[in-house]
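If you count the sequence shown from 1, position 19 lands on 19 in full-length UniProt numbering, and the numbers rise without skipping.
Step one of this worksheet: look at the structure below.
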Amino acid sequence: MTLFKQQQPDLVLMDVMMPIMDGYEATRQIKAISVDRFVPIIFLTALNDEKALAECVSCGGDDFLTKPYNHVILKAKIDALMRMRELYIEVKAQKDELSYHHERLRREHEIAERVFANVIKPTAFSVPNIKHMLSPMAMANGDMLLVGQKPSSDYHYLLGDFTGHGLSAAIGALPVSDIFYTMTRKGFHISDIAAEINRKLKLILPTGMFFAACLVEFDHKKGAVSIWNGGIPDLLLCDEKGITRKVAAQHLPLGVLNDGQFDRAMDRFEVVGENRIYIYSDGIIESTNEAGEMFGQQRFDAAFTSTRDPSSWFETIQASLEQFRGSAPQSDDLTLLEIHCNAVENALAGTKQPAVVHATAEASEWGFVVELGASALRMLDPKPMLTQMLVDIQGLEEHRERLYMVLTELYANALEHGLLKLDSALKRTENGFIEYYTKREAALLSLEEGWIKIDISHQPDETGGRLTIRLEDSGDGFSVDDAPAALEGNLALCGRGVELVRSLCETVTYHGNGNCVEAIYKWEG
């Protein structure tokens, strides 16, 4: 045995009757120490009884030949076993390579899982108005669920479904998450966010891979929801009685179209009271049971009629799906989101903003002017950019939300009432609300002339500084006196913008016919 370990032969010719150790035991020991190698053993023996020959094989021998043996037959047996050995070496190499790739894939899945865990940030789901379920099929989810807060305190929601799972989906999740959180924080509309995600994914994703996604923005002050749906199953709008509307996907998934082909159009609806919104991935309705039946939209919708308690609808859907599937394996990622509109409105309404907030940069004197013509007004939303400039120049990060509100209301009045000549009274009913924004989109697309000038300057004082925000438009203006006199108790869907700006600013002054407004925002540091 010592000689075998030293020489490491490729093949052994073994005799049965040997001194010290017989061939049977020697074969057993050779096979025991050659676990990772195939060393063929041929018994050459004078024994010819069946029991002795059977023992040659049972102890680990690969073949035998009785004496006197034929040299031609022996050579043929040796050649055959050497071919088997070469095949064994090749198979082992392939097995080792497969094991290497399997381990590498396992590590990639672990990385993907960690990426998804960091991207989705479950702590962001502590907002007061949502319930959510994330059930990945694989180690790394192909579904994404993101929630972000705008400077106005409203929330953006994104539910998306990548083609594929694991590392490939995680790679796409990184830019999606970064764009969503960054642009939401700066106050961009969901249509702008969808367009930027589409541009990025079109650039980086391989052919055949895309991102079905639904983005939702809920404006709690106006009681309105905006929806951009690209390839996600029908979004459901519900009141306390059940489903009131299904919003089907109007767009292709993200990452499919070029910039010039991308459609930013959104669906807008009024939501009041106990309205709830349900968004879900196709894995929910395409789940199958042990018999191969699909859960389907009908079973999903039945949850809203099986109980009269809206607060239990989410749990009812979960229980119904679990009971239907039984012990059937999960075939896709399962993601479900409930947005309770009234819950977030109550939570935000109860939030007290500090009377004075502080900046972090030394006060200085500065100013800039931005003038937007018709073509720029059709394409751009300047509010996020302007808010970010104010934050960056003067270090007004803690003022971001208030400044964004001021700019939003002043700009909306200048554009919608001054240039587009829209009447906010249309928004007092649900149908009127939809009609208002339909007319807004049509009027904006057809805008051929007109301008809005935005002049912002800053003067430091003893305690901080004053921002003077002046907006002027080329339209006919509007009657400021038509606005309600107070915010408190005013639950209308329109007419609160002027008073909101006045509540946030030191002074608000309208000039001319209402087509020029000057607001002074005071901060202390």
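Glycine residues also receive a C-beta, built at the ideal position from the N, C-alpha and C atoms.
Check                                                                                                     : Outcome
Residues that Lys131 bridges to, as DSSP identifies them                                                  : Glu338
Cβ neighbours of Val369 in the same chain (closer than 6 Å, five flanking residues each side left out)    : Asp455
Simplified DSSP assignment, three categories, for Asp267                                                  : strand
Local conformation of Lys383 per DSSP, three classes                                                      : helix
Inter-residue spacing [alpha-carbon to alpha-carbon] between Ile277 and Gly242                            : 11 Å
DSSP-derived helix/strand/coil call for Asp415                                                            : A small correction: the amino acid at residue 415 is Leu; Asp does not occupy that position in the sequence shown. Correct three-state label for Leu415: helix.
Own chain residues within Cβ distance below 7 Å of Gly512, not counting five before or after              : Gly477
Span of the alpha helix (DSSP H) around Asp192                                                            : 190-204
Closest by C-alpha distance to Met144, when choosing among Leu159, Ser152, Ile130                         : Leu159
Spatial distance of Leu410 from Leu252 (CA atoms)                                                         : 34 Å
Boundaries (first-last residue) of the beta strand (DSSP E) holding Gly464                                : 464-473
DSSP-derived helix/strand/coil call for Met183                                                            : helix
Straight-line Cα distance separating Val39 from Arg85                                                     : 7 Å
Arg104 Cβ short of 8 Å to the ligand GDP heavy atom set                                                   : This structure does not include the ligand GDP; it has no bound ligands of any sort.
Alpha carbon of Gly255 to alpha carbon of Val35, nearest angstrom                                         : 51 Å
Element boundaries [beta strand (DSSP E), containing Glu217]                                              : 211-219
Buried/exposed call for Asp332, threshold 16 Cβ in 10 Å                                                   : buried
Classification of His102 by the beta-carbon crowding that lies within 10 angstroms, buried from 16 upward : exposed
Bridge partner(s) assigned by DSSP for Cys56                                                              : DSSP lists no partner for Cys56.
In DSSP terms, what Gln149 is bridged to                                                                  : Tyr155
As assigned by DSSP and simplified to three states, the class of Pro175                                   : helix
Spatial distance of Val224 from Ala195 (CA atoms)                                                         : For clarity, residue 224 is Ala in the given sequence; the question names Val instead. Near 21 Å, if we compare the C-alpha coordinates of Ala195 and Ala224.
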